[in-house]
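Residue numbers (the working numbering), protein chains in the order written: chain A, 47 to 353; chain B, 1015 to 1435.
Glycine included, C-beta positions come from ideal geometry on N, C-alpha and C.
Take a look at the structure:
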């Protein structure tokens, strides 16, 4: 992917460099291929091949004894994949992923901004602190949330001791606990790209805006925010895409009314033992997520660079 | 996905074991003899496997069906029964079994046998036991099926509902009843279960019920009916097991419908009832123990074994086998088809059927087994508990779930997903 701009850049500087031997770009391209080789092998082995396997399985059928039959490939599973019953679960997935993304950016942006502008010598330490939760398994941290949120858990005990409530407030197994757990889990993924784009922003541009009598708020809205939009988009993608397929958090922190589409797929695979159908639904979800993301990205990018 | 199974290698394994048993061969002697017979013998299963792989279509199912010529699970055992009848065991039923094997790999739930069972077995037979644990049945089945012949374990403990599938797919091998004289200890209603006729491939291990538990601190009433799980007074604090067949069974008991029905009309009625119940639920739980002891749930659909564990945290928690009837679950001991230590595996099963050992297992885990001979040595407190040892009238209303397959399974899965989403 990096080859094209690289070549353009090397040729672009104009007439003065026209004398460059014509073989140079080709050599560069080969060098680029060499560097990208480990990545390509990795992606082929652990992404492309499994993806093709899922695609092939999704075209098969389940025979009467629950075995995958690939002798006749057809699209039958895809025709059956979209069912009106699944819509509420898909809406739940979208809702949780959307809320998680918005919250992660709203909470993460000020943190990233503060680290970048006021972190001083402690920037690295502060960034390590952001990543500190990764030192503990996500599963254990999610169980910790269960202990905090459950009816006789930490939070309800405090509320009851303070006399703020007599009966425990149902916090666990609700929309609230799912969004809380997911936002908690994905926040570092939002902070890091936000930090990079804020830190890269030339502070002189903000100063120039202030010199031109922009208020602090106006300078932020018209200079800082648009220029850090790539970071916001990256943060949104890094949060939304994994969040929409998140299975563990809604399963552990959710309840009877919080079923997500990932759970539907899991049921088809495990208790339903119908891998072809589950693969079709999973593949379709991936295509929908990818398509939606690309569309959103394109419109966002146009907006960003038009302003 | 590697559910292919090579029947001929199982056959060969069984024949080898028989040869060893008849001639009191050690493994080393056997290997030497095999060397003398020539590499052809050793290669036979591999050649057979290759030939089979070459012949069959890309469908794994085709090869699985090709091995066992019929899908009727009872037909295959009858053939193998004939084979084992030729063994001299029938002449001397309680002959000292051969103990050439020095190791045994047992794959079981954690804390699922008596505290001293492994040590006593090791002392008696001089066989070293490697006890490997799993935490959920999905992991267990994935491990046993990953190579189609038991994943390297010798003995495991699958749920009874899994037996027909495991037999059909060649994951487990027929038992050697001649090495399991203690099988006579089984109660009469356990000697010929529907899932495995005449216990040719499995021996029942423990049984339990699926009823419901409640916390008397939150719910004062003495509950006896499935209707309690539909009681709006407990709204927001009711839990159902995250298990499709158990939930449909609960709804069927509640409505008086046949259990294990695959008729659309029955299933639609059960689904409607579950849909009606869903707004009252806190969650479909896969941790009924944690949810009952940490306050979210006041009442929960639960397995009796889980209730026993709840009482370790909160001794007041109650359990009922509902008056409308309930599900009886059971699990089994089996020998995998790829077992490296098949004799030791059969000896392990026999050892666990011993009246004293079986009682010790029950006393430690709180589960009753199907062992009639053990009943006299089981802790009287366990036997006095009507939830663990129900009266005959209650026991007679217990029903086992069936293993659903194909279109019948799809009927349940589709409705379950419609309910959950």
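Pick out whichever of the options has its Cα sitting closest to the Cα of residue i.
i              : options                        : result
residue 1252/B : 149/A, 303/A, 307/A            : 303/A
residue 342/A  : 280/A, 117/A, 317/A, 289/A     : 280/A
residue 117/A  : 213/A, 105/A, 225/A            : 105/A
residue 197/A  : 121/A, 186/A, 215/A            : 215/A
residue 1287/B : 1274/B, 1300/B, 1262/B         : 1262/B
residue 1174/B : 1426/B, 1422/B, 1415/B         : 1415/B
residue 227/A  : 328/A, 319/A, 322/A, 145/A     : 145/A
residue 306/A  : 90/A, 142/A, 166/A, 277/A      : 142/A
residue 1275/B : 1353/B, 1413/B, 1435/B, 1329/B : 1413/B
residue 1336/B : 1242/B, 1367/B, 1345/B         : 1242/B
residue 1234/B : 1312/B, 1204/B, 1160/B, 1210/B : 1312/B
residue 1403/B : 1380/B, 1239/B, 1387/B, 1422/B : 1380/B
residue 1194/B : 1245/B, 1417/B, 1319/B, 1356/B : 1356/B
residue 1422/B : 110/A, 94/A, 348/A, 278/A      : 110/A
residue 1249/B : 1293/B, 1410/B, 1182/B         : 1293/B
residue 1254/B : 1237/B, 1172/B, 1278/B, 1224/B : 1224/B
residue 1211/B : 1188/B, 1226/B, 1199/B         : 1188/B
residue 314/A  : 1367/B, 1432/B, 1153/B         : 1432/B
residue 1245/B : 1272/B, 1295/B, 1140/B, 1257/B : 1295/B
residue 1277/B : 1192/B, 1429/B, 1116/B, 1435/B : 1429/B
Compute the beta-carbon to beta-carbon distance between residue i and residue j, rounded to the nearest angstrom, for a pair I have assumed lies under 8 Å.
i              : j              : result
residue 1228/B : residue 1332/B : 6 Å
residue 1005/B : residue 1284/B : With chain B covering 1015 to 1435 only, the question about residue 1005/B has no answer from this structure.
residue 1419/B : residue 112/A  : 6 Å
residue 298/A  : residue 207/A  : Residue 298/A to residue 207/A, Cβ: 26 Å. No contact.
residue 1303/B : residue 1323/B : 5 Å
residue 1131/B : residue 1406/B : The pair is not a contact, with the Cβ atoms about 30 Å apart (cut-off 8 Å).
residue 1314/B : residue 1299/B : 6 Å
residue 1121/B : residue 1170/B : 4 Å
residue 295/A  : residue 199/A  : Wrong, their Cβ atoms sit about 17 Å apart, outside the cutoff.
residue 1119/B : residue 1160/B : 15 Å between Cβ atoms; not a contact.
residue 219/A  : residue 300/A  : 6 Å
Just list the residues that DSSP pairs residue i with in beta bridges.
i              : result
residue 1173/B : 1345/B
residue 1117/B : 1142/B
residue 1365/B : Paired residue(s): none; residue 1365/B is not in a bridge.
residue 1333/B : 1227/B
residue 1252/B : 1295/B, 1313/B
residue 88/A   : Residue 88/A pairs with nothing; no bridge assigned.
residue 1122/B : 1147/B
residue 1412/B : 1340/B
residue 1350/B : 1186/B
residue 331/A  : Answer is none; residue 331/A lacks a bridge partner.
residue 375/A  : Summary: the structure shown does not reach residue 375/A, with chain A confined to residues 47 through 353, and so no result is reported for it.
residue 1217/B : 1347/B
residue 1222/B : 1343/B
Exercise for the section: Tell me the start and end of each unbroken alpha helix (DSSP H) in the segment 145-223 of chain A that is at least 4 residues and wholly inside, in chain order. Expected result: 169-177, 184-195, 200-207
Problem - chain B contacts from the segment 107-135 of chain A (Cβ-Cβ distance under 7 Å) - result: 109, 110, 111, 112, 113, 114, 115, 116, 117, 131, 132, 134, 135
Handout entry: Contact list for the segment 249-268 of chain A against chain B, Cβ threshold 9 Å
Key = none
Exercise for the section: Determine which residues of the segment 308-338 of chain A have a Cβ less than 9 Å from any Cβ of chain B, and write them out in chain order. Expected result: 309, 310, 313, 314, 316, 317, 318, 319, 320, 321, 323
Practice task
Using a Cβ-Cβ cut-off of less than 7 Å, give me the residues of the segment 212-234 of chain A that come near chain B, in sequence order.
Solution key: 214, 216, 218, 219
Practice task
Please list the segments of the beta strand (DSSP E) lying wholly inside the segment 1257-1320 of chain B, counting only runs of 3 or more residues, in order along the chain.
Solution key: 1295-1299, 1313-1317
Exercise for the section: Please specify which runs of the alpha helix (DSSP H), each continuous and at least 4 residues long, are wholly inside the segment 1174-1205 of chain B, giving them in chain order. Expected result: 1177-1182
Practice task
Would you mind listing the beta strand (DSSP E) stretches within the segment 114-140 of chain A that are 3+ residues and don't spill past its ends, in chain order?
Solution key: none
Exercise for the section: Below 7 Å between beta carbons is the criterion; list the residues of the segment 1257-1270 of chain B that meet it against any residue of chain A, in chain order. Expected result: 1258
Exercise for the section: Anything in the segment 1301-1333 of chain B with a Cβ closer than 7 Å to a Cβ of chain A? List those residues in chain order, please. Expected result: 1308, 1309, 1310
Problem - Members of the segment 1270-1299 of chain B that neighbour chain A once the beta carbon cut-off is set at 8 Å - result: 1292, 1293, 1295, 1296, 1297, 1298
Exercise for the section: Pick out the complete alpha helix (DSSP H) segments inside the segment 1376-1413 of chain B, 4 residues or longer, and give them in chain order. Expected result: 1394-1398, 1406-1409
Handout entry: Contact residues within the segment 192-204 of chain A, judged by C-beta distance below 9 Å to chain B
Key = 192, 193, 196, 197, 198, 199, 202
Handout entry: Short-range partners of chain A found in the segment 1224-1236 of chain B, where Cβ spacing is below 8 Å
Key = none
Practice task
Anything in the segment 274-291 of chain A with a Cβ closer than 7 Å to a Cβ of chain B? List those residues in chain order, please.
Solution key: none
Practice task
Compile a chain-ordered list of the residues in the segment 137-148 of chain A whose CB is closer than 9 Å to at least one CB of chain B.
Solution key: 138
Handout entry: Length-filtered (4 minimum) alpha helix (DSSP H) runs lying within the segment 266-317 of chain A
Key = 275-290, 294-299, 307-315
Exercise for the section: Check distances from the C-beta atoms of the segment 1161-1183 of chain B to those of chain A and list, in chain order, the residues that come in under 9 Å. Expected result: 1179, 1182, 1183
Practice task
Could you list the residues in the segment 1139-1153 of chain B with a C-beta less than 7 Å from some C-beta on chain A, going in chain order?
Solution key: 1152
Practice task
Check distances from the C-beta atoms of the segment 1405-1425 of chain B to those of chain A and list, in chain order, the residues that come in under 8 Å.
Solution key: 1419, 1420, 1421, 1423, 1424
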